[in-house]
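> All residue numbers for the sequence shown refer to my numbering, where the first residue is 681 and numbers rise by one. Where a beta carbon is used, it is the ideal one built from N, C-alpha and C, also for glycine. I'd like to ask some things about the structure below.
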Amino acid sequence: MSMFKPSILTLALTAAGLSSFATLAAQENTIKKDDVEVIEVKGFRGSLIESINTKRFSTQVVESISAEDIGKLPDSSIAESIARLPGLTAQRLDGRASRVSVRGFSEDESATTFNGREQVSIGDNRGVEFDLYPSEIMSGVTVYKTPNASIEAEGIAGVIDMQTVKPLSKGERVVMFNGQLEKTSFDKLNPDGDNQGFRGTFSYIDQFADDTIGVAFAYNKMSSPNQEKRWNSWGYPEFTNNGKDYSILGGAKPYVRSSTLDRDSAMLVIEASPNDRLNMTFDALYVDFSDERILRGIEIPFAWGQGSIDPNSVIVDEDSGFITSAKLQQGQRVVVRNDYEERNAELKQFGFNTKYDINDAWSVEFDASVSEVERQLWSIESYSGTGRGDSNGVADNLGYTFNGGNTGAQFTHELDYSDYNLIQLGGPLSWGASSALNDKYGLNDTPYQNTAQDGFINAPEINDELQTLKLAASKVLENDYISAIKFGISYRDREKTKKSEGYFMTLKDFSLDNPGMVSVPEKYRLGTASLDFIGMGNMIAYDTNGLVNDGYYNLLQESLTDQKHKTQSWTVQEQVTALFLQADINTELGSIPVSGNVGVRYVKTEQSSQGSAATTENGLVVVSPTDISHDYSHVLPSLNLSFAIDEEQTVRFGAAKTISRARLDEMNASVNATYSPTQDSNGNNWSVSGGNPQLEPKEATGFDLSYENYFHEEGYFAAAYFYKDISTWIFDGNYAIDMTGVANPSTGEIPANSQGSGSGKVNGGGGDLWGYELSLSLPLSIFSSSLEGFGLIASHTGVEQDIEDQNGNEYELPGLSEKIDSLTFYYERNGFQARTSMRKRSDFKGNVNGLGLAATQVDIKGETIWDIQTGYDFAESGLQGLEGLSVTFQIQNLTAEPFTSLSGDNNLQVRDYQDYGRTYLLGFSYKL
């Protein structure tokens, strides 16, 4: 049978794209191989060819990006690079792309793997934050939009696989140094913040023992600043003016933020291939991650505050029903905030893979890995003002006027918030309503009741461990339909633990006899921070972390009186055993070659969770331990077919049943629990709310149809249609829960009736999601040889949904933007290179941190982000000694696009307006 095979030219171009750690500009060299002359294209254009050929010759619907792409696109993370792939986009967190959405689904619905192995995460959930992974030490990323039976991860949206280099495939020694200087467009927004940073990478690849042993090592160090001017509102209550109801500002918490992300990363790959039949690879990854955030601002109550609205000051926008300007009369006290946050994480991953060809037909594979991440968060809020409590100290006369668009408001004020004699340490406004604080300081029934909270610390910890094993085999067949059979078994054992705690801060010398505020000691004064962007002038700036570390505050556990820390502390375990069988297809339909695979995956999951059943007795939290198990299984068939119309045109079809596992923070066994002697309408005595350890995965059946035309080695056009039939999702609802063995927290005794009525997340509902993708890679040289080196890459994705919960209510998927666009213009020739890239998405729902760092879903406005990069490779210069040097200059977020979220159905009801400015990077790469 005559089957379609890639041409020698195509294979040569595919091989030419293989590149790791490099940031080389384009160069063209004529080479000879088997008497066929081919053009080897390197640099960005070479990696583009590699990415195109990965897509072209895959048996599934995939997108990919190589190390050259990641290293040379104007990106600070892997997330920003893959966010430009067709159908993909990213949500920014503190100005950095971190959470990736695939085809309208949030990061919760896609799986992330590293060298094919599922990854641990530093968040409360499964979703991977990509800024943990340095792009500089990765070889490539492949996004599987359709699965096959052998992929070791599950996700309705797809699987994102990050890969390290294979040193024996490199075929040469590589010693390279990369470095970048980084600067934000804002001057220091905080006196102790950073607006300059650096990145540096050393990479080494070599082969030994007649190319039977290969070693790759990379070390990356980064200190990356990020700054922000943020408007943040409390919300917008209704206010009656002249007999009509309008929306008015309830209050605001604007601030300036200075962050520095410090990351040390090391990667090691050792590959051994002593003969043609055996290949062994050991890989290790270590990441030490520290993200420091300094935040200063003023929390300003307005309609929800002390003063009353001056009716003569109110200005109304009748079209929007919004009060755009107003003033307070009778005065308002505010809370001046000097906050500090430090997030530390350490990731360790080790993997071993061996493949052995028993003979020409049979081969076996063994893979094992262990990974662990530990994360500690220390988030301090420090309060200061003019006096303690609601009625002490000087009040201010405040007013606001909203800016145009979605940019927040400008305030008017009369007090000087930069005066250290006026603004002092202590808790203005009575927000610390803690019975434990009142009891500790004897404040009950005194004028200072509920005034002892001078700050707060959130201190959650995460530990995530994962071990994987896989044993697989394949047999080559000689027939007209199936080219190979693959089968195997795998096992994953994951345990994730979260410990939540919070601490009330009270000045160490505070007492009922000494209730006053305290002037900031000279040692900790840092000057001022400017809040001119909201009209509040300068405010005092002091070293909050230093004050806490030096014992200026007494700490009291919030968990003594607040159940939330017990219900947010838990352990979840998953043991997943999978069997797969897959047949690789290689046949003909008439005269059309057909390739692909058909297979089935059986997945058995045993999950358990340990936590607490918590309630409050006499103002104090009491708990009983919980331990609940559940198991389930899935059969997941898949089919992928590629029809090679000719050497340039391919039609693909994919169909598969897929699952996305429940969020770990929703399937834990920690609950608020009450046992009542009287049974409810369901005949249950227990009433619980919180996690649901009996949650099962979301399920969907997906179909993909695409047409691809590879009209040039650097060019292709593709059009795709995709459809997901979602049979079950996860929504808020009620469920039955078995509390066997759980003691009544109030009595400590195990009740006779163990059945309970729970409220939380449940399986149910469903619906449809569908969309299309158009993508184009166009080298302009096809129009004229004078345009050699010019090109563009573009994509457009449209997504729609129709999903209902279990009660028939419409539901909007988080992460879904109805329109996604990306565009890159590039030029690369004779050592010169220049690129500008854009990614655009429409409005969507996304999660941000709310009170107590809890994930809060909000409406996020669409955004368009432009980046630009230019550079030169001295290999083309002819200058002696500079052949290995290249230099680059980048501007990220060229148009200073903000991040905007809303808290209502009115575009003026801005929750967050985050202005990150621009980032400038000057870099070099030197290859010995």
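(1) Use the C-beta contact count for GLN1262: other C-beta atoms within 10 angstroms, 16 or more gives buried, fewer gives exposed.
(2) Using three-state DSSP, classify ARG677 as helix, strand or coil.
(3) Using DSSP bridges, identify the partner residues of ALA770.
(4) Using only the alpha-carbon positions, how far apart do THR1148 and GLN1029 sit?
(5) Report the rounded CA-to-CA distance for LEU861 versus ILE980, giving the unit in angstroms.
(6) Any idea what DSSP makes of VAL1301, helix, strand or coil?
(7) Consult DSSP for GLU809 and reduce its assignment to one of helix, strand or coil.
(8) For THR1004, tell me which candidate among THR792, GLU1492, ARG1055 and PHE1082 has the shortest Cα-Cα distance.
(9) Report the residue from GLU1468, SER1497, GLU1490 and PRO1494 whose alpha carbon sits nearest the alpha carbon of TYR1506.
(10) On the three-state DSSP scale, how would you describe GLY1067?
(11) Mark LYS850 as exposed unless 16 or more other C-beta atoms lie within 10 angstroms of its C-beta, in which case mark it buried.
(12) Could you have a look at ALA1416 and say whether DSSP puts it in helix, strand or coil?
(13) Using the Cα positions of GLU798 and ASP1592, report the straight-line distance between them to the nearest angstrom.
(14) Whole angstroms are fine: how far does the CA of LEU965 sit from the CA of ILE950?
(15) With distances taken from CA atoms, which of LEU1151, MET1216 and ASN1194 is nearest ASP1047?
(16) Going by alpha carbons, who is nearest to GLU1556 out of GLN1329, SER1566, ILE1548 and SER1464?
(17) Alpha carbon to alpha carbon, what distance is there between SER1114 and TYR1121?
(18) Would you grab the beta carbon distance between ASN1234 and THR1186 for me? Rounded to a whole angstrom, and I think it's under 8 Å.
(19) What alpha helix (DSSP H) runs, 4 residues minimum, are completely inside the region 784-869?
(20) So the candidates are ASP1418, THR1092 and MET947; which of them puts its Cα closest to the Cα of SER1437?
(21) Going by beta-carbon coordinates alone, are SER1377 and ALA1349 separated by less than 8 Å?
(22) Would you tell me roughly how many angstroms separate the C-alpha atoms of THR734 and PRO766, rounded to the nearest one?
(23) Distance, Cα to Cα, ILE989 vs ALA1399?
(24) Which residue wins for smallest C-alpha separation from ARG853, given the options GLY835, VAL895, THR844 and THR822?
(25) For TYR1387, which beta-bridge partners are listed by DSSP?
(26) Taking all protein chains shown into account, decide if ASP1038 is buried (16 or more other Cβ within 10 angstroms of its Cβ) or exposed.
(27) How many whole angstroms separate the CB atoms of GLN1104 and VAL1200, which I take to be in contact at a CB cut-off of 8 Å?
(28) Going by DSSP in three states, PRO991 sits in which element: helix, strand or coil?
(29) Thinking C-alpha only, which one of ASP1501, GLY1542 and SER1581 is nearest THR1536?
(30) Quick check on DSSP: helix, strand or coil for PHE919?
(31) Look at the alpha carbon of GLY784 and the alpha carbon of TRP1042, and state the distance between them as a whole number of angstroms.
(32) With a threshold of 16 other CB atoms inside 10 Å of the CB of VAL1188, please say whether the residue is buried or exposed.
(33) To which residues of the same chain is ASP715 closer than 6 Å at the C-beta, ignoring the five residues directly before and after it?
(34) Could you tell me if ASN1124 is buried or exposed, where buried requires 16 or more neighbouring beta carbons within 10 angstroms of its beta carbon?
(35) Nearest by alpha-carbon distance to ASP1405: which of GLY1215, GLY1471 and THR1338 is it?
(36) Just to confirm my understanding: we take SER1309, look at its own chain, exclude 5 residues before and 5 after, and list those with CB closer than 6 Å. What are they?
According to the structure shown:
(1) Taking the first residue of the sequence shown as position 1, residue 1262 is located at position 582. Burial call: buried.
(2) In the structure displayed, the chain extends from 681 to 1608; residue 677 sits before or after that span and is not available.
(3) For the purposes of this step, residue 770 is taken as residue 90 along the sequence shown, with counting starting at 1. VAL780, per the DSSP bridge assignment.
(4) Indexing the sequence shown from 1 puts residue 1148 at position 468. Indexing the sequence shown from 1 puts residue 1029 at position 349. If you draw a straight line from the Cα of THR1148 to the Cα of GLN1029, it is about 11 Å long.
(5) In the sequence shown, the residue the question calls residue 861 occupies position 181. In the sequence shown, the residue the question calls residue 980 occupies position 300. Going from the Cα of LEU861 to the Cα of ILE980 covers about 38 Å.
(6) Here residue 1301 refers to the residue found at position 621 when the sequence shown is read from its first residue. It is a strand residue.
(7) On the sequence shown, position 129 is the one that residue 809 refers to. Residue state, collapsed to three classes: coil.
(8) Reading the sequence shown from its first residue, position 324 is the one you call residue 1004. Looking at the Cα atoms, PHE1082 is the closest of the given residues.
(9) Here residue 1506 refers to the residue found at position 826 of the sequence shown. Of GLU1468, SER1497, GLU1490 and PRO1494, the residue nearest in Cα terms is GLU1468.
(10) Within the sequence shown, residue 1067 is the residue found at index 387, counting from 1. Residue state, collapsed to three classes: coil.
(11) Locating residue 850 in the sequence shown gives position 170, where the first residue counts as 1. Buried, since its Cβ has 16 or more Cβ neighbours within 10 Å.
(12) Numbered from 1 along the sequence shown, position 736 holds the residue referred to as residue 1416. Here ALA1416 sits in strand by DSSP.
(13) Here the question's residue 798 lines up with position 118 in the sequence shown. Here the question's residue 1592 lines up with position 912 in the sequence shown. So the two alpha carbons sit approximately 34 Å from each other.
(14) As a position in the sequence shown, residue 950 is number 270, starting the count at 1. As a position in the sequence shown, residue 965 is number 285, starting the count at 1. Roughly 12 Å separates the two Cα atoms.
(15) Within the sequence shown, the letter at position 367 stands for residue 1047. In terms of Cα proximity to ASP1047, the closest of LEU1151, MET1216 and ASN1194 is LEU1151.
(16) As a position in the sequence shown, residue 1556 is number 876, starting the count at 1. Closest in alpha carbon position to GLU1556, among GLN1329, SER1566, ILE1548 and SER1464, is SER1566.
(17) As a first step, residue 1121 is located in the sequence shown; it is residue number 441 there, counting from the start. As a first step, residue 1114 is located in the sequence shown; it is residue number 434 there, counting from the start. Approximately 11 Å between the Cα atoms of the pair.
(18) For this step, residue 1234 is matched to residue 554 along the sequence shown. For this step, residue 1186 is matched to residue 506 along the sequence shown. Indeed they touch by this definition, with Cβ atoms about 5 Å apart.
(19) Segments of the alpha helix (DSSP H) lying fully in the region 784-869: 847-850.
(20) The count along the sequence shown starts at 1 and reaches residue 1437 at position 757. Relative to SER1437, the option among ASP1418, THR1092 and MET947 whose CA is nearest is ASP1418.
(21) Here residue 1377 refers to the residue found at position 697 of the sequence shown. Here residue 1349 refers to the residue found at position 669 of the sequence shown. Inspection of the sequence shows that residue 1377 is occupied by Pro rather than by Ser. Taking 8 Å as the Cβ cut-off, PRO1377 and ALA1349 do not qualify as a contacting pair.
(22) Taking the first residue of the sequence shown as 1, we reach residue 734 at position 54. Taking the first residue of the sequence shown as 1, we reach residue 766 at position 86. Cα to Cα, THR734 sits roughly 14 Å from PRO766.
(23) Numbered from its first residue, the sequence shown carries residue 989 at position 309. Numbered from its first residue, the sequence shown carries residue 1399 at position 719. Each residue's alpha carbon lies about 57 Å from the other.
(24) Numbered from its first residue, the sequence shown carries residue 853 at position 173. The residue with the shortest Cα to Cα distance from ARG853 is VAL895.
(25) Along the sequence shown, read from residue 1 onward, the residue named residue 1387 stands at position 707. According to the DSSP secondary-structure assignment, TYR1387 is paired through a beta bridge with VAL1331 and ALA1399.
(26) As a first step, residue 1038 must be located in the sequence shown, where it is residue number 358. Contrary to the premise, residue 1038 reads as Ile rather than Asp in this sequence. Exposed.
(27) Along the sequence shown, read from residue 1 onward, the residue named residue 1104 stands at position 424. Along the sequence shown, read from residue 1 onward, the residue named residue 1200 stands at position 520. Rounded, the Cβ-Cβ distance is 7 Å, consistent with contact.
(28) The residue you call residue 991 lines up with position 311 of the sequence shown. Correct three-state label for PRO991: helix.
(29) Numbered from its first residue, the sequence shown carries residue 1536 at position 856. The residue from ASP1501, GLY1542 and SER1581 with its alpha-carbon nearest to that of THR1536 is SER1581.
(30) The residue given as residue 919 occupies position 239 in the sequence shown. Assignment of PHE919 by DSSP, reduced to helix, strand and coil, places it in the strand class.
(31) Taking the sequence shown and counting its residues from 1, the one referred to as residue 784 is at position 104. Taking the sequence shown and counting its residues from 1, the one referred to as residue 1042 is at position 362. For GLY784 and TRP1042, the distance between alpha carbons rounds to 41 Å.
(32) Here residue 1188 corresponds to residue number 508 of the sequence shown, with the count starting at 1. Position check: residue 1188 holds Lys in this sequence, whereas Val was assumed. Answer is exposed; the Cβ neighbour count stays below 16.
(33) Translated into positions along the sequence shown, residue 715 becomes position 35. Note that ASP715 has pLDDT 43, beneath the 50 cutoff, so the model's placement of it is unreliable and the number below is only indicative. No residues qualify anywhere along the chain.
(34) The residue given as residue 1124 occupies position 444 in the sequence shown. Classified as exposed, ASN1124 has fewer than 16 neighbouring CB atoms from the shown chains inside 10 Å of its CB.
(35) Within the sequence shown, residue 1405 is the residue found at index 725, counting from 1. If you compare the alpha carbons of GLY1215, GLY1471 and THR1338 with that of ASP1405, the shortest gap goes to THR1338.
(36) Here residue 1309 refers to the residue found at position 629 of the sequence shown. These residues qualify, in order along the chain: SER1288.
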